[in-house]
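For reference, the structure is listed below as structure tokens.
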Ligand code: ARG
């Protein structure tokens with residue numbers, strides 16, 4: 001634990017006003033990670049207790065020293081938790097801050113803790129434990145978001161709305177079906193979280209600096225004590241691997257992209273022009289100048305957080321790119337990206353869960369929009385295939401004429417007269433009007449995964465068993 005000799009050099013004239021000394025203050029500033037890696041204190045202490053316990057079990061340190069170490073670490077944990085611990089930049093990072101305090105508390109026995117270990121495997125362990133806990137938190141938050149959508153889907157399995165492609169009215173769907181699309185997306189996100197937990201479930205501690213150690217350590221014992229399925233198999237890879245952080249950022253980015261698409265839909269739906277939903281007061285804000293306004297700020301901020309999270313993924317990929325094996329100090333830059341993304345993602349999921357649960361669905365507006373824009377044109381074409389035996393391409397053509405006629409008359413398809421329709425194709429009967437309503441249209445789409453309320457209810461039931 002080198003101590004900087006800060007009083008020896010004078011500060012740089014160009015930019016050194018705030019520095020007590022020259023280069024070594026800069027060195028301390030660029031080198032120290034304590035300002036952000038103090039977040040890892042609980043993981044660092046857990047890891048050290050497991051390591052010391054194993055060292056004593058293997059006869060590498062004495063039981064008395066181990067007991068002192070464990071007791072000291074427990075004291076430090078409560079000091080940090082109660083805000084009494086003084087972090088020092090001079091001591092660089094969380095690992096050395098804790099070890100230095102341990103030495104003050106218990107004396108020379110503290111020096112035995114770092115036997116058969118390096119900060120390289122130590123930081124890999126602490127960070128992995130942290131990311132694993134974060135993933136577990138994300139898993140349960142996503143389960144909450146999925147549950148919110150399942151409830152809304154159930155409530156609105158029969159609520160018709162326009163379905164869109166190119167953001168142009170395409171075919172009628174149900175709001176329940178649209179909600180279930182998000183259940184699928186967030187369900188995949190949750191599956192990615194679960195895979196990532198599995199991938200990272202190996203303990204780095206005991207890889208030491210990069211080559212392992214000559215001490216007779218038991219890495220299986222520490223792995224088990226720390227809740228991992230076993231130890232990592234290659235000490236070089238262990239200290240140079242940050243895949244677990246990259247996987248977290250990658251899955252967070254995909255999830256954030258999903259959240260941003262939902263955010264965008266909420267922004268669109270809540271405009272007076274669409275008017276499909278009304279956001280609760282709890283998740284919107286007013287304007288300081290325009291009294292009529294209710295702005296979807298939370299949705300907009302979720303949309304923006306996606307930029308931060310995606311940026312973090314690119315940042316860490318770029319840090320890791322081209323690094324030679326094994327550990328390089330570059331890797332210290334992994335933490336802020338992950339911490340920032342974790343905070344942003346948690347906030348975004350929580351805000352979206354609240355918005356989805358609270359928003360009012362304006363079924364009348366959705367229904368009116370569902371019937372406009374010739375949304376049942378495909379139903380007319382399908383009817384011509386089924387009932388009049390036309391090839392689909394011909395049916396498509398006849399329907400195109402019907403749409404053009406309706407457009408010319410300024411009416412909807414269902415408002416065309418039977419005579420007008422028969423002029424386009426004599427096989428058309430008045431039965432056709434039965435399929436031109438939006439309710440008939442959605443009810444007919446019973447293919448697996450289709451929008452018919454009966455199908456949507458089946459998918460809801462399937463997801464309910466999948467938590
Ligand atoms: N603060 C460092 C980090 O976050 C800990 C590992 C330092 N190891 C070293 N050999 N300097 O990466």
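In UniProt numbering, the protein residues as written are 1 to 467. The beta carbon of each residue, even a glycine, is placed where N, CA and C say it ideally should be.
Cβ neighbour criterion (16 or more within 10 Å) applied to residue i
i, result
"residue 27", "exposed"
"residue 1", "Reliability fails at residue 1, whose pLDDT of 39 lies under 50, so the model's placement of it is uncertain and no value is given."
"residue 69", "buried"
"residue 282", "exposed"
"residue 307", "exposed"
"residue 30", "exposed"
"residue 127", "buried"
"residue 166", "exposed"
"residue 7", "Because the pLDDT at residue 7 is just 40, under 50, the model does not fix this residue reliably, and the point stays unresolved."
"residue 156", "buried"
"residue 392", "exposed"
"residue 490", "The shown model of the chain, from 1 to 467, leaves out residue 490, and the question about it has no answer."
"residue 382", "buried"
"residue 163", "buried"
"residue 3", "Here residue 3 scores only 42 on pLDDT, less than 50, and its place in the model should not be relied on; the value that follows carries that caveat. Residue 3 comes out exposed."
"residue 448", "exposed"
"residue 59", "exposed"
"residue 348", "buried"
"residue 304", "exposed"
"residue 291", "exposed"
"residue 150", "buried"
"residue 138", "buried"
"residue 71", "exposed"
"residue 324", "exposed"
"residue 460", "buried"
"residue 118", "buried"
One or two residues paired with residue i in a DSSP bridge
i, result
"residue 278", "360"
"residue 88", "Paired residues: none, contrary to the question."
"residue 202", "230"
"residue 168", "165"
"residue 173", "161"
"residue 285", "295"
Cβ-heavy atom distance, residue i to ligand 1, below 6 Å
i, result
"residue 328", "no"
"residue 120", "yes"
"residue 200", "no"
"residue 88", "no"
"residue 235", "no"
"residue 331", "yes"
"residue 123", "yes"
"residue 93", "yes"
"residue 48", "no"
"residue 33", "yes"
Range covered by the beta strand (DSSP E) that runs through residue i
i, result
"residue 162", "160-165"
Endpoints, alpha helix (DSSP H) assigned at residue i
i, result
"residue 64", "63-81"
"residue 400", "392-409"
"residue 468", "This structure cannot settle anything about residue 468, because the visible part of the chain is limited to 1 through 467."
"residue 438", "438-444"
"residue 57", "41-57"
"residue 458", "453-464"
"residue 244", "243-269"
"residue 98", "94-106"
"residue 35", "34-37"
"residue 224", "219-225"
"residue 238", "235-240"
"residue 418", "418-424"
Task: 4-residue-minimum alpha helix (DSSP H) runs that sit fully inside the region 287-338, ordered along the chain - done: 297-320
TODO: Mind listing, in chain order, the continuous alpha helix (DSSP H) runs of no fewer than 4 residues lying wholly within the region 340-389?
DONE: 363-371, 377-388
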